[in-house]
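Colleague: Below is a structure I'd like to ask you about.
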Amino acid sequence: MKTLRLILGDQLDRDLPSLRDIDLAQDIALIAEVMAEVTYVKHHKRKVAFLFSAMRHFAKSLEDDGIQVSYRRLDDPENVGSLAGEIISSISTFSPDRIVVTAPGEYRLVSEMLSWQDQFNLPVIILPDTRFLCSLDDFSAWADGRKSLRMEFFYREMRKRYNILMDKDKPIGDKWNYDADNRQPPKAGLHIPTPSQFKPDAITVEVLALVEKRCADHFGQLDAFDFAVTREQAMSVLNQFIMERLPYFGTYQDAMVTDEPWMYHSHIGLYLNAGLLRPLEVITAVEAAYHAGAAPLNAVEGFIRQILGWREFVRGLYWLKMPEYAEFNFLQASKPLPDFFWTGKTDMRCLSQSIQQTDAFSYAHHIQRLMVLGNFALLAGLSPKEVNEWFLIVYVDAYEWVVLPNVSGMALFADGGFLASKPYAAGGAYINRMSDYCKSCYYNVAEKSGEKACPFNYLYWNFLARNREKIGGNPRLGMIYRTFDRMSPEKQATVTIDADRFIAKLA
Ligand code: DLZ
Ligand code: SF4
1466 MKTLRLILGD QLDRDLPSLR DIDLAQDIAL IAEVMAEVTY VKHHKRKVAF
1516 LFSAMRHFAK SLEDDGIQVS YRRLDDPENV GSLAGEIISS ISTFSPDRIV
1566 VTAPGEYRLV SEMLSWQDQF NLPVIILPDT RFLCSLDDFS AWADGRKSLR
1616 MEFFYREMRK RYNILMDKDK PIGDKWNYDA DNRQPPKAGL HIPTPSQFKP
1666 DAITVEVLAL VEKRCADHFG QLDAFDFAVT REQAMSVLNQ FIMERLPYFG
1716 TYQDAMVTDE PWMYHSHIGL YLNAGLLRPL EVITAVEAAY HAGAAPLNAV
1766 EGFIRQILGW REFVRGLYWL KMPEYAEFNF LQASKPLPDF FWTGKTDMRC
1816 LSQSIQQTDA FSYAHHIQRL MVLGNFALLA GLSPKEVNEW FLIVYVDAYE
1866 WVVLPNVSGM ALFADGGFLA SKPYAAGGAY INRMSDYCKS CYYNVAEKSG
1916 EKACPFNYLY WNFLARNREK IGGNPRLGMI YRTFDRMSPE KQATVTIDAD
1966 RFIAKLA
């Protein structure tokens, strides 16, 4: 049966379900660069360039394997601009008997695909995406009957199921989680290795020019583009991370240093999420480094937890809760995103550093995302829809399945505690402890009130006061509310005055 096999931009894996039983004699793999996917949110230029270059390299590797590939470039005059439109073109060119796809990572696209069979008048087979370690059925079965879902318990099940860092039926070292040894503040004189860099080849150079032209009004920079764009290059990023950064990953995973965007992080999320790396190969390579004595348990366990635990958990949760998850706004936050999220022009040093890095590299590490940008959005009461869209646009590893639970669930508490046991709210002291940003900030982190006080300080108390009705009963916040209640009425009033002044200025 002649089959048209659509491969999406984040499905660049030779072992993709929709490629497995390909008939080399007659099937066609369709890969299409389309404006609809580039602009449903206006993705960061670097993200579009990464995906297009990786898609073109992947197409070439499929052809090398003898697969007939129909590759639609964005600048092809016949490009019709949407995935459905490109399938219609391919149907008229190749007359396939059926269409096969691997389930996409975003709900909006699955919904669209469900109408394709009628639209094309051909069977459209959507295969489950097996590139994850927990199937959606297994996740639903695990979640069934639980009032709240906690990653830690899911992660332990996954450790046992895949026999990762296990000593028979016990976790190696007798503890499941070594975060108590992690999260150290940065100390002076840290040596941070240069990350992997790849000089753009002819394919990438062409893509960069195309993106510069067609995405001129998108956020972000293309200068000094140096991401991996092939599986081989992505493997070398992984190996270099294991050799040079993994040993310090755990200790400094939450640390932030001025002009050091990469720290000891792996920078492989974009490759995993686009299909260039596979989660199990990453996990087993990192586990092997532990057994070889090349990295300590706190680093290895912390890293593996992100992939075997957190990544699988948020993906399962997304599909379990869509489409409602996108509508959640438990705290009824509705402020628009301030302009400085696009310009980086703010006197708040932690925010300007995180946003400028995001603009330059389409990257910021998890604490910049969660405890600087996300924390600010939570405290300032920004609209979850606007914050989610910003995260989806600006990060090279971002797809809705990963953004929505992290932003709405983890950062903004918009799901009311389904994913997180309490809002991750913090004042300036946390950022000061974990970074060197405050030293060069216009604001004073030690001041609690007044024009020069760190805005995180009064926004924090204002957030708690404002949302008391919704979160005041949370047992994990009891002590904090008691501290607030011990403040004098004048001090409490000052919090409101400072917060109102600051928020009025944002608008
Ligand atoms: C993100 C993205 C972009 C920018 N461009 C394309 C594209 O031109 N063609 C394509 O097939 N996929 C693209 N993607 C990835 C899709 O948006 C992604 O597959 C869905 O969001 C589902 O995760
Ligand atoms: Fe951020 Fe406040 Fe520190 Fe400035 S003082 S960098 S606003 S935490």
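Residue numbers (the numbering used here): 1466 to 1972. Even glycine gets a Cβ: it sits at the ideal position worked out from N, Cα and C.
(1) Would you list, in sequence order, the uninterrupted alpha helix (DSSP H) runs of no fewer than 4 residues that lie entirely inside the stretch 1511-1561?
(2) Smallest Cα separation from Ala1494: which of Met1520, Tyr1925, Arg1511?
(3) Could you pull out every residue in the same chain whose Cβ sits closer than 7 Å to the Cβ of Pro1658, ignoring the five residues on either side in sequence?
(4) At a cut of 8 Å, does the stretch 1662-1675 reach the stretch 1714-1728 through at least three beta carbon pairs?
(5) DSSP beta-bridge partners for Met1616?
(6) Taking the C-alpha atoms as reference points, what is the distance between Val1751 and Leu1745?
(7) Classify Leu1489 as buried or exposed, calling it buried when 16 or more other Cβ atoms lie within 10 Å of its own Cβ.
(8) Just to confirm the assignment, what range does the alpha helix (DSSP H) spanning Thr1823 have?
(9) Between Gly1893 and ligand 2, is there a pair consisting of the residue's CB and a ligand heavy atom that are separated by less than 8 Å?
(10) Grab me the residues of Ile1936's own chain with a C-beta within less than 7 Å of its C-beta, minus the 5 sequence neighbours each way, in chain order.
(11) Considering only their Cβ atoms, is the gap separating Glu1766 from Leu1630 smaller than 9 Å?
(12) What do you reckon, are the CB atoms on Ser1905 and Arg1615 nearer than 9 Å?
(13) Kindly indicate which residue of Ala1524, Gln1822, Lys1640, Tyr1717 has the alpha-carbon position closest to the one of His1656.
(14) Whose C-beta lies closer than 8 Å to the C-beta of Phe1949 among residues of the same chain, with five residues either side of it excluded?
(15) Can you list, in chain order, the residues of its chain whose CB lies under 8 Å from that of Glu1912, leaving out five sequence neighbours each side?
(16) Could you check the C-alpha separation between Glu1622 and Gly1610 for me, to the nearest Å?
(17) Assuming Gly1511 contacts Phe1826 (C-beta within less than 8 Å), just tell me the rounded distance between them.
(18) Determine whether the beta carbon atoms of Asp1812 and Tyr1907 lie at a separation below 9 Å.
(19) Leaving out five residues on either side along the sequence, give the residues of the same chain with a beta carbon under 7 Å from the beta carbon of Thr1567.
(20) Applying the criterion that 16 or more other CB atoms from any shown protein chain within 10 Å of the CB defines a buried residue, is Leu1579 buried or exposed?
(21) Three or more C-beta pairs under 8 Å: does that hold for the stretch 1845-1855 against the stretch 1794-1811?
(22) Tell me the DSSP secondary structure of Asn1763 in three-state form.
(23) What is the DSSP secondary structure of Met1721, counted as helix, strand or coil?
(24) Quick check on the burial criterion: 16 or more other C-beta atoms within 10 angstroms. Buried or exposed for Pro1788?
(25) Once DSSP output is grouped into helix, strand and coil, what is the label at Pro1588?
(26) Could you tell me which of Val1506, Phe1517, Gln1533, Leu1473 sits nearest to Ile1487, measuring between CA atoms?
(27) Among Arg1696, Ala1653, Ser1953, whose alpha-carbon lies nearest the alpha-carbon of Phe1663?
(28) Taking one C-beta from the stretch 1864-1876 and one from the stretch 1768-1781 each time, how about it: are there three or more such pairs within less than 8 Å?
(29) Any heavy atom of ligand 1 within a distance shorter than 8 Å of the CB on Asp1682?
(30) So for Arg1626, helix, strand or coil by DSSP?
(31) When we look at the beta-carbon of Gly1781 and count the other beta-carbons within 10 Å, is it buried (16 or more) or exposed?
(32) Taking 8 Å as the line, does the beta carbon of Leu1587 fall inside it for any heavy atom of ligand 1?
Modeller: If we stick to the structure as given:
(1) Secondary structure within the stretch 1511-1561: the alpha helix (DSSP H) runs of 4 or more consecutive residues, fully enclosed, are 1548-1559 (chain order).
(2) Selected option, being the one with the closest Cα: Met1520.
(3) Take Pro1658, set aside five residues on each side of it, and the residues of its chain with a beta-carbon closer than 7 Å to its own are Glu1709, Arg1710, in chain order.
(4) Inter-segment contact for the stretch 1662-1675 and the stretch 1714-1728 is absent: fewer than three beta-carbon pairs are separated by less than 8 Å.
(5) Beta-bridge annotation (DSSP): Met1616 is not paired with any residue.
(6) Between Val1751 and Leu1745, the C-alpha separation is close to 10 Å.
(7) Per the 10 Å Cβ criterion, exposed.
(8) DSSP places Thr1823 in the uninterrupted alpha helix (DSSP H) bounded by 1814-1826.
(9) Distances taken from the Cβ of Gly1893 to the heavy atoms of ligand 2 include one shorter than 8 Å.
(10) Closer than 7 Å at Cβ, skipping near neighbours: Pro1888, Leu1942.
(11) Yes.
(12) Taking 9 Å as the Cβ cut-off, Ser1905 and Arg1615 do not qualify as a contacting pair.
(13) Measuring from the Cα of His1656, the nearest candidate turns out to be Tyr1717.
(14) Trp1926, Leu1929, Ala1930, Gln1957.
(15) Closer than 8 Å at Cβ, skipping near neighbours: Ala1918, Cys1919, Asn1922.
(16) Looking at the two C-alpha atoms, the distance is approximately 16 Å.
(17) In the sequence as displayed, the identity of residue 1511 is Arg instead of Gly. Contact between Arg1511 and Phe1826 holds, with the beta-carbon distance rounding to 7 Å and staying under 8 Å.
(18) In contact: Asp1812 and Tyr1907 (Cβ atoms closer than 9 Å).
(19) Correct list, in chain order: Gln1476, Leu1481, Pro1482, Ser1483, Leu1592, Asp1594.
(20) Flag for Leu1579 reads exposed.
(21) Between the stretch 1845-1855 and the stretch 1794-1811, the count of Cβ pairs shorter than 8 Å is three or higher; the stretches touch.
(22) Note: Asn1763 maps to helix in three-state DSSP.
(23) Reduced to three states, the DSSP call for Met1721 is strand.
(24) When all chains shown are included, Pro1788 counts as exposed.
(25) Three-state DSSP puts Pro1588 in coil, outside helix and strand.
(26) For the residues Val1506, Phe1517, Gln1533, Leu1473, the minimum Cα distance to Ile1487 belongs to Gln1533.
(27) For the options Arg1696, Ala1653, Ser1953, the alpha carbon positioned closest to that of Phe1663 is the one of Arg1696.
(28) Flag = yes, the stretch 1864-1876 and the stretch 1768-1781 touch.
(29) No; taking the cut-off as 8 Å, the Cβ of Asp1682 has no heavy atom of ligand 1 nearer than that.
(30) The three-state secondary structure of Arg1626, taken from DSSP, is helix.
(31) Burial of Gly1781 is indicated by the presence of at least 16 other C-beta atoms within 10 angstroms of its C-beta.
(32) Of the heavy atoms belonging to ligand 1, none sits nearer than 8 Å to the Cβ of Leu1587.
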